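Protein chains: 2
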Amino acid sequence: MSDLPAKEKDELIESLGDSLQEAVDASDEQQVTEIVESISSQEALRQASLMKADDREQMMSIMTPELAAEMVEEAPANLAATMIEGLETSVAAKIMEELHPATQADIVQEMDKDNAEAILSVMDSETAADVRSLSQYDPDSAGGLMELEAFSFFNDEKVNDVVKSMLSDDEEFERHRGQHPYVVDESGRLVGVVSLRSLLRSRRAVPLVDIMSPAISVSPQTSMNELAVLFDENPFLGIPVVDDRGILLGVVSRIEIAEAEQERAELDSLSRQQVGDELRSMPTLLRSKRRLAWLSSNIVLNIIAASVISAYEETLAAVIAIAIFLPMVSDMSGCSGNQAVGVSMRELALGLTRPVDVFHVLRKELSVGIINGIVLGILIGIVAWLWKDNAYLGLVIGLALSVNTLIAVSIGGTVPLLLKRFGVDPAVASGPLLTTVTDMAGFFLVLSLASLFMPQLLG
Amino acid sequence: MSDLPAKEKDELIESLGDSLQEAVDASDEQQVTEIVESISSQEALRQASLMKADDREQMMSIMTPELAAEMVEEAPANLAATMIEGLETSVAAKIMEELHPATQADIVQEMDKDNAEAILSVMDSETAADVRSLSQYDPDSAGGLMELEAFSFFNDEKVNDVVKSMLSDDEEFERHRGQHPYVVDESGRLVGVVSLRSLLRSRRAVPLVDIMSPAISVSPQTSMNELAVLFDENPFLGIPVVDDRGILLGVVSRIEIAEAEQERAELDSLSRQQVGDELRSMPTLLRSKRRLAWLSSNIVLNIIAASVISAYEETLAAVIAIAIFLPMVSDMSGCSGNQAVGVSMRELALGLTRPVDVFHVLRKELSVGIINGIVLGILIGIVAWLWKDNAYLGLVIGLALSVNTLIAVSIGGTVPLLLKRFGVDPAVASGPLLTTVTDMAGFFLVLSLASLFMPQLLG
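Note that the protein sequences, when read in sequence, are chains D and X.
For the first sequence, the residue numbers in our numbering are 1 to 459.
For the second sequence, the residue numbers in our numbering are 1001 to 1459.
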């Protein structure tokens, strides 16, 4: 399909969607399965999330649990939870059983507690126990990210037992890729790890305890950041997770961490829009409510900024042309400030800047701010002068933008550092804070300079 | 150090910075080495990027090349290139030789061509040849992301040769973690891959060709996205890269791809601020120029929006209170629109939305937009009414915000899809496009409604 031009591909996918809808309407089990098997699970998920809830549930009930699970694996946890909660308990349980254990736990955490219990109670009891134990941890901690099934052996086993296990059970082996054989005592406490090299080097009758070395391990509460640092500093592909008694609970893999970090970076980039994890398949009223929460606090910030204009109504009435440039000056300064926020966010993420560097950042921003302020001030000054044929208007607007650019980059550069210092997420709070200040300062500068030059502006 | 309270930790780090500066000023090699060894390479990089260029070069020249390389590995490629280009060629070459091959190639691509050639010409010739061959590929392609040293064997070698190689060379082995033994013919063409399981299962005298299976491989031009899909669909830890004659060039690892994707997600989240890869250690004039490029195009967008106000100067002059609410209406609608942009960006990233879904998205946004428009319109309408004690002013402002919210979410939700359809990066272009339209529409709605209700507003 990848060779088709974009337009034909779109049409093909749309017609697939129509046939899928027909097949669901007709409860045609075979047809649904055939269509879903012919597309990627990602595409199947998209089709499902475009359907009405009833149709989607109908579709998921007539698909095989394996196919449904493949599709659910592609969904973010909140969407996956909604998709599964709506199903009949027995169908839901069958699909849940086919999911990756970490996915199961993430989904259970997103579900209504009663629904989750209902589904867990009809699931295979061993799987349900695993899900219950995984879902007690924060999804971004070692406990939430670990694989429960460690590639472990008892301390009375021998090299031969490891080799046999590697050779015997194909599926088991795949699941432990990247894990080393861990050695535990009779109560499940982690006592060591065996390297592949010592395995190859040793005769099959050698006891594991003779060739194992001490294992680095973490507690289930270890955060994703701490894990990322550990993997950065060590070549391991996996790190065992142990509880406070030293009992081996599972293993976090390097890949799991890298993927979780990627997901978080993507979510972070969206937190600036204040939409959280909204998806359009959520109920309209919920989406409305969540968006309004942030918008209505923004009204307050806007009223504060607008009150500056209100204080200068007489000036405005005298030189109405000023009103054209008010939004322009505040918007341009907002953009300059946001650039400085962007650089600070990037430098914070790279570790090149720390909250103590406020003065260094300020100095660096001031030097750029002076140049950009002068350039932008001259540009907009000329625009204002030519537009209204009034050189003093150009002076007022240009000067206001110059000074406000300087204010904006200073605040934009330093606010993320200060917020971080006080434990507030700079990605969420920097933008609104910056915009309110640059709006207020912009309005104030334009209007107070205009009052000052009133005789010349009117002359 | 992690147990200290934040303030003391900051002071400690600052005093370390002062001592480091002193040691550099005094060219005290031992002191510099001691300090750098006592801090993380991340922190060393931060200290270096806070120094003046001369001091930083002095510091890097007196450190051991190994320590300098560890520090350079932490830097983004453009900063690393600047740090190394400034050094004496022989010093630069020694540090380059200590870097990871993929880092070397990324840095060379960021360097001035003549500088890069000068440094490469004094480097170890084998390493230099590797760098030259890696740096011809896009850093985000299989060629740019691969390890050059594959864990490969000739087709006349036996199981014993692989096991011997695994046992003998510690460093070599570490480097190939996650790679399978690849089998090549006498001209270097990839002919197969041997699984760990078949290795363990076979006697040492068995020729590799008897137990190998066909290998999946990619071309060096394969994009990061295609690689991510391959790794998603297959359990491999690495995929071999071959040229068009089938010759094995290197191996891309799953971890390398996951890390590269994470880095890209972080950069993407910054592209909205239009600051690209700016770091504050870059020259001021360059930073100014790059930021101004985007800001000056933004002036044009602002002038277009402001011209709407200009067309209604008479209305404004008659009801000056309108000027207070103009920026408020456009800013609030901009925020609503940006929320819709955020949800679309997220759904595009998750594959839940495709450019063909424009009408579906529009319908979903309209339903939220109607609710939020009414709520926000009533809120701001009440504010305007009470503030100026004029119910008609409240009506005009509230109605304008209601309608503009609807416009903003419709455009915000669909513009990313349309941009993507036409091959433009929605992360970069959606914001400015949206803001210009919501500003224009906001100004127009407020002012034209005000003209309509002029008698009542003045009454």
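Note that the Cβ used here is the ideal one computed from N, Cα and C, for glycine as well.
Computed from a prediction, not measured in an experiment: that's the story for all the values here.
Cα-Cα separation between residue i and residue j, rounded to whole angstroms
| i | j | result |
| --- | --- | --- |
| X:T1103 | D:A450 | 55 Å |
| D:Q136 | D:T405 | 49 Å |
| D:L352 | D:F443 | 34 Å |
| D:G17 | X:L1447 | 45 Å |
| X:I1380 | D:P432 | 18 Å |
| D:V209 | D:R245 | 20 Å |
| X:F1236 | X:G1369 | 46 Å |
| D:I84 | D:Q58 | 12 Å |
| D:D55 | D:K113 | 25 Å |
| D:R201 | X:L1200 | 12 Å |
| X:S1002 | D:N225 | Confidence at X:S1002 is low in this model, with a pLDDT of 44, below 50, so the placement of that residue is unreliable and no value is reported for it. |
| D:M51 | D:P101 | 27 Å |
| X:M1332 | D:I299 | 7 Å |
| X:A1053 | X:V1229 | 42 Å |
| X:A1258 | D:A215 | 25 Å |
| X:L1326 | D:E263 | 38 Å |
| X:A1293 | X:L1286 | 11 Å |
| D:Y312 | D:L452 | 12 Å |
| X:A1077 | X:V1403 | 47 Å |
| D:E256 | D:V159 | 28 Å |
| X:Q1221 | X:A1129 | 19 Å |
| D:Y182 | D:V206 | 16 Å |
| D:D10 | D:I35 | 16 Å |
| D:K420 | D:T127 | 41 Å |
| X:L1227 | X:Q1179 | 16 Å |
Assumed close pair residue i, residue j - CB separation to whole angstroms, cut-off 8 Å
| i | j | result |
| --- | --- | --- |
| X:S1489 | X:G1238 | For residue 1489 of chain X there is no data in the structure shown, the boundaries of chain X being 1001 and 1459. |
| X:S1195 | X:S1213 | 7 Å |
| X:L1458 | X:V1319 | 7 Å |
| X:D1358 | D:I303 | Before going on, a small fix: residue 1358 of chain X reads as Val here, not Asp. Contact doesn't hold; Cβ gap of about 35 Å is too wide. |
| D:S281 | D:L79 | 6 Å |
| X:T1284 | D:S367 | 5 Å |
| X:A1305 | X:L1316 | Not quite, the Cβ-Cβ distance comes to about 15 Å (not below 8 Å), so this is no contact. |
| X:V1241 | X:M1146 | 5 Å |
| X:N1338 | X:L1434 | 7 Å |
| X:S1041 | X:M1071 | 5 Å |
| X:A1542 | X:V1131 | Not covered by the structure: residue 1542 of chain X. The range shown for chain X is 1001 to 1459. |
Contact check, residue i vs residue j, beta carbons under 9 Å
| i | j | result |
| --- | --- | --- |
| X:R1363 | X:L1417 | no |
| X:A1075 | X:M1060 | no |
| D:S90 | D:I62 | no |
| X:M1440 | X:V1341 | no |
| X:I999 | D:V356 | Since the first and last residues shown for chain X are 1001 and 1459, residue 999 of chain X lies out of range. |
| D:A69 | D:L99 | yes |
| X:F1153 | X:V1163 | no |
| D:I411 | X:S1288 | no |
| D:S430 | D:V415 | yes |
| D:L401 | D:G377 | yes |
| D:I107 | D:M96 | yes |
| X:L1248 | X:A1150 | yes |
| D:V361 | D:G413 | yes |
| X:R1197 | D:M345 | no |
| X:L1279 | D:C335 | no |
| D:S310 | X:A1321 | yes |
Per DSSP, the bridge partner or partners of residue i
| i | result |
| --- | --- |
| X:R1264 | Paired residues: none, contrary to the question. |
| X:I1322 | Paired residues: none, contrary to the question. |
| X:I1239 | X:V1252 |
| X:V1184 | X:F1154, X:L1190 |
| D:I247 | D:R189 |
CB contact below 9 Å: residue i versus chain A
| i | result |
| --- | --- |
| D:M59 | As a matter of chain content, chain A is missing from the structure shown, whose protein chains are D and X. |
Go through the stretch 1021-1098 of chain X residue by residue and report every complete run of the alpha helix (DSSP H) that reaches 4 residues or more, in order.
1029-1038, 1041-1050, 1053-1062, 1065-1073, 1077-1085, 1089-1098
Item checked: Ranges of the beta strand (DSSP E) found wholly within the stretch 89-165 of chain D, counting only runs of at least 3 -> 152-154
Along the chain, which unbroken stretches of the alpha helix (DSSP H) at least 4 residues long are found entirely within the stretch 189-216 of chain D? 196-201, 208-211
4-residue-minimum alpha helix (DSSP H) runs that sit fully inside the stretch 350-409 of chain D, ordered along the chain: 358-388
Quiz prompt | Continuous beta strand (DSSP E) assignments of at least 3 residues falling wholly in the stretch 1421-1459 of chain X | solution = none
- Message: As an exercise, report each continuous alpha helix (DSSP H) stretch of at least 4 residues that is fully enclosed by the stretch 1285-1330 of chain X, in chain order.
- Response: 1313-1318
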